[in-house]
Amino acid sequence: MKSTEDISYVNQQEAIEIDQMLMGPLGFTVDQLMELAGLTVASAIGEVYSSSEYTRVLVICGPGNNGGDGLVAARHLHHFGYKPSICYPKRNTEPPFAGLVTQLESLSVPFLPVEDLPVQLSSDFEIIVDAIFGFSFHGNPRPPFDSLIRRLVSIQNQQRTHEKAAVIISVDIPSGWHVVEGDICGEGIEPDMLVSLTAPKLCAKMFCGLHHFLGGRFVPQSIIDKFKLKLPPYPGTSMCVRIGNFPETNSSAQKGIFTASVNLEVEENPIDQVELYKFQKWLGDASEAGVKEPHYMVLSTAGKDAKPSSRMVSLEGVNKDGFVWHTNYRSRKAREISENPHASLLFYWGPIKCQVRVEGFVEQVSDEESERYFSSLPLDIQIRPIVSKQSTLIHGREILHHQYKEFEEKYHDRTSIARPKHWGGYRLIPEFFEFWQGEESQVHLKFRYCVEEIDGRRVWTIHRLVPQLAESASSL
Ligand SMILES: Cc1cc2nc3c(=O)[nH]c(=O)nc-3n(C[C@H](O)[C@H](O)[C@H](O)COP(=O)(O)O)c2cc1C
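Residue numbers (full-length UniProt numbering): 1 to 476.
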């Protein structure tokens, strides 16, 4: 099994460009890529689910190329000894799709209209292949795919209650997931197996099922170089390779708190792309939804006496290195951070009903970084930290006003002043994120990402939590 540290995950744009390059200068055709994808999917299924035990397979095909991959997979599964049936409600009658349908019909593989599907899919099929939508899909699934997806979700619920249920295998992306953010609404498919094609898409980091395979044993070196792809070696002559770790089980999982979790090796930069993307997206959504100051956050610290203290601060910037704010290095928070570098941040954006918790350790940013930020501020803001002695007692606010006026007069002909040495930035380097999304239905969703030490290595562990009922009486 390949550890995810050696594997690149690509976003939608990169996936599109890779396909364009394959089918442009590199001379591949769409039929060839479909053939390779379908063969990969069938091979991965064959590695995990034996045809004697999991004989009957329903392949649900969407209208695009993902559906074509499903048609090819069905043909190979037939030759591998499975009994596939196809549900292909929105047939594409152009080549290569028409040819694939003809090939399957010549093998007497049945095509089932949606209306003829059994009420309980699990009673007629041991495996369901979700080949509905791929990485280029966006928006909301339309009929009949919306209800087909819901039927797959209800199969998962059967699995949770230990009823006999078919296993679900998704081709490249679980249908309905966002290519980067994954199952945004938390009500989508959670397949048992994901077969990523060419290179896994970023959302695959949130895949919590048991079996993650990669297929793409044809990717030319020029693509690997151009996109700086790290792809695993394929064993023997296999078309697919298992990637990722098996999900962990823990006592919380047994209590039903976590649906599943998955580990990713911590890369050189402690914030992983997915969390950063998600945070920045929510920050942008909050701003668009009219939150006036979405970058204000609660910073909580505790000194050596372990007594916590919280206050608002303003997020100056966030990137892969961490969350930065600026403050007085002689303040209470600064003293507490010097005694104990662990701190937490909290964001809540009411109009979009989202909360983000971030925990980690704090370091001072470099003098150059503080300097850069300070010099970018207007003069009246620069004066404030000189006047303000944070966390100290003053004898009346008039003194502050008076001092402020004095400094204003003193520097009135200047555009900038030197940064006081006691004013600068801190950076929180995250080790824990929790994204919480309130839902109208009162069933709230949570994702947790934490860095854990496993076998001496630091890994990001993603816990997708079972949606929770509202925990307060408020209308959230
Ligand atoms: C909305 C808001 C934003 C604030 N932003 C900052 C900030 O970016 N930096 C800062 O030092 N104080 C900021 N403050 C003031 C702090 O909340 C706090 O009063 C001050 O930093 C002293 O905190 P301490 O005594 O716990 O160190 C802000 C206050 C509010 C209400």
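Note that CB positions come from ideal geometry on N, CA and C, so glycine has one too.
DSSP-derived helix/strand/coil call for residue i
{"i": "Glu115", "result": "helix"}
{"i": "Trp177", "result": "coil"}
{"i": "Gly97", "result": "This sequence places Phe at residue 97; Gly is not what is there. Phe97: helix per DSSP, three-state reduction."}
{"i": "Pro25", "result": "coil"}
{"i": "Pro270", "result": "Caution is warranted here: a pLDDT of 48 is assigned to Pro270, below 50, making its placement in the model unreliable, and no coordinate value can be reported."}
{"i": "Cys240", "result": "strand"}
{"i": "His211", "result": "strand"}
{"i": "Val459", "result": "strand"}
{"i": "Val10", "result": "strand"}
{"i": "Arg427", "result": "strand"}
{"i": "Val358", "result": "strand"}
{"i": "Arg384", "result": "helix"}
{"i": "Leu120", "result": "What sits at residue 120 in the sequence shown is Gln, not Leu. Residue state, collapsed to three classes: coil."}
{"i": "Thr249", "result": "Note on Thr249: pLDDT 32, under 50, position unreliable in the model; the coordinate value appears next. The answer is coil: DSSP assigns Thr249 none of H, G, I, E or B."}
{"i": "Cys185", "result": "coil"}
{"i": "Ser344", "result": "strand"}
{"i": "Ile337", "result": "helix"}
{"i": "Ala199", "result": "coil"}
{"i": "Thr40", "result": "helix"}
{"i": "His78", "result": "helix"}
Cβ pair residue i, residue j closer than 8 angstroms
{"i": "Ile86", "j": "Phe111", "result": "yes"}
{"i": "Gln20", "j": "Phe135", "result": "no"}
{"i": "Ile169", "j": "Ile224", "result": "no"}
{"i": "Gln382", "j": "Ser331", "result": "no"}
{"i": "Tyr296", "j": "Trp423", "result": "no"}
{"i": "Trp349", "j": "Val291", "result": "yes"}
{"i": "Arg427", "j": "Glu339", "result": "no"}
{"i": "Cys240", "j": "Gly215", "result": "yes"}
Spatial distance of residue i from residue j (CA atoms)
{"i": "residue 487", "j": "Met206", "result": "Outside the shown range of the chain (1 to 476) lies residue 487, about which nothing can therefore be said."}
{"i": "Lys410", "j": "Leu379", "result": "12 angstroms"}
{"i": "Leu33", "j": "Ile173", "result": "16 angstroms"}
{"i": "Gln280", "j": "Ala343", "result": "20 angstroms"}
{"i": "Phe432", "j": "Gly438", "result": "20 angstroms"}
{"i": "Arg419", "j": "Glu408", "result": "15 angstroms"}
{"i": "Gly24", "j": "Pro84", "result": "33 angstroms"}
{"i": "Lys201", "j": "Trp325", "result": "32 angstroms"}
{"i": "Pro232", "j": "Ser8", "result": "9 angstroms"}
{"i": "His178", "j": "Phe145", "result": "16 angstroms"}
{"i": "Lys446", "j": "Val459", "result": "20 angstroms"}
{"i": "Val114", "j": "Gln120", "result": "13 angstroms"}
{"i": "Tyr373", "j": "Glu316", "result": "9 angstroms"}
{"i": "Thr327", "j": "Val365", "result": "11 angstroms"}
{"i": "Arg335", "j": "Gly38", "result": "60 angstroms"}
{"i": "Gly322", "j": "Gly139", "result": "31 angstroms"}
{"i": "Lys307", "j": "Trp436", "result": "26 angstroms"}
{"i": "Leu22", "j": "Glu14", "result": "12 angstroms"}
{"i": "Ala199", "j": "Tyr88", "result": "26 angstroms"}
Three CB pairs or more closer than 8 angstroms across the stretch 193-213 and the stretch 33-52: Under the three-pair Cβ rule at 8 angstroms, the stretch 193-213 counts as touching the stretch 33-52.
Validate contact between the stretch 281-289 and the stretch 350-369 using beta carbons, cut 8 angstroms, 3 pairs: yes
Sufficient close CB pairs (3 or more, under 8 angstroms) joining the stretch 98-109 to the stretch 130-144: As far as the Cβ criterion goes, the stretch 98-109 does not touch the stretch 130-144, which means the pair count is below three.
Cβ pair count under 8 angstroms reaching 3, the stretch 141-161 against the stretch 178-192: yes
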